[in-house]
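When you line the sequence shown up against my numbering, it's residues 561 to 697, in that order.
Just so you know, even glycine gets a beta-carbon here, dropped at the ideal spot from N, CA and C.
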Amino acid sequence: MSLWAVVLVGLVAFDLFGGAAANATAAAKRTFHAPGRAARHRLGFVAAHGQPFLLALAVPDLGWAAAAVIYALALAGAVAVTAAPGAVRRPVAFAVTVLAIGVTTVTVSVPDELAWLAPVLFVKLLLGHLLPEESRG
């Protein structure tokens with residue numbers, strides 16, 4: 561891998577790993593799920609995560625088809641989560657996350673150094689970003 565590819569992978573890893581943790585915080589959940597923040601805002605956030613395509617540009621062994629499958633699964637999962645009624649949104653989010661991880665693990669060829677990409681992206685977006693803070697009762 562070239563130096564610029566290593567730097568880009570490092571930046572994407574920082575964004576996704578850090579974002580997975582940050583999106584799980586109560587503060588982030590209050591922001592993303594505040595009054596006036598509709599499903600379209602959350603779906604837009606997911607759609608803006610084109611990192612698989614950026615990495616396909618930089619890492620020759622990550623093909624465009626693999627990037628497209630990872631991105632499409634994230635978007636489809638986000639649509640499923642946001643469309644689910646509130647009472648079942650959490651189990652739907654976990655179901656589509658593990659399904660997306662399973663599909664990518666079995667069907668998508670990624671270089672070993674990017675094996676973390678799809679699982680971390682799905683956790684960040686589908687579990688961290690899309691789920692509101694659970695009420696304490």
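So is residue i buried or exposed if we call it buried at 16+ other beta carbons inside 10 Å?
| i | result |
| --- | --- |
| F682 | buried |
| L685 | buried |
Using only the alpha-carbon positions, how far apart do residue i and residue j sit?
| i | j | result |
| --- | --- | --- |
| T657 | A625 | 20 Å |
| L568 | F574 | 10 Å |
| P612 | T585 | 24 Å |
| L622 | V663 | 16 Å |
| A647 | H609 | 27 Å |
| F577 | H601 | 22 Å |
| M561 | P679 | 22 Å |
| G596 | R590 | 12 Å |
| A655 | L633 | 13 Å |
| L563 | P645 | 46 Å |
| E694 | T665 | 30 Å |
| A582 | E673 | 23 Å |
| R650 | L690 | 9 Å |
Would you call the CB atoms of residue i and residue j closer than 8 Å?
| i | j | result |
| --- | --- | --- |
| A627 | L615 | yes |
| V652 | A660 | no |
| A638 | V606 | yes |
| I630 | L571 | no |
| P671 | H593 | no |
| A598 | G688 | no |
Measure the beta-carbon distance from residue i to residue j and round it to whole angstroms, keeping in mind my assumption that it falls under 8 Å.
| i | j | result |
| --- | --- | --- |
| L603 | T642 | 6 Å |
| A565 | V619 | 6 Å |
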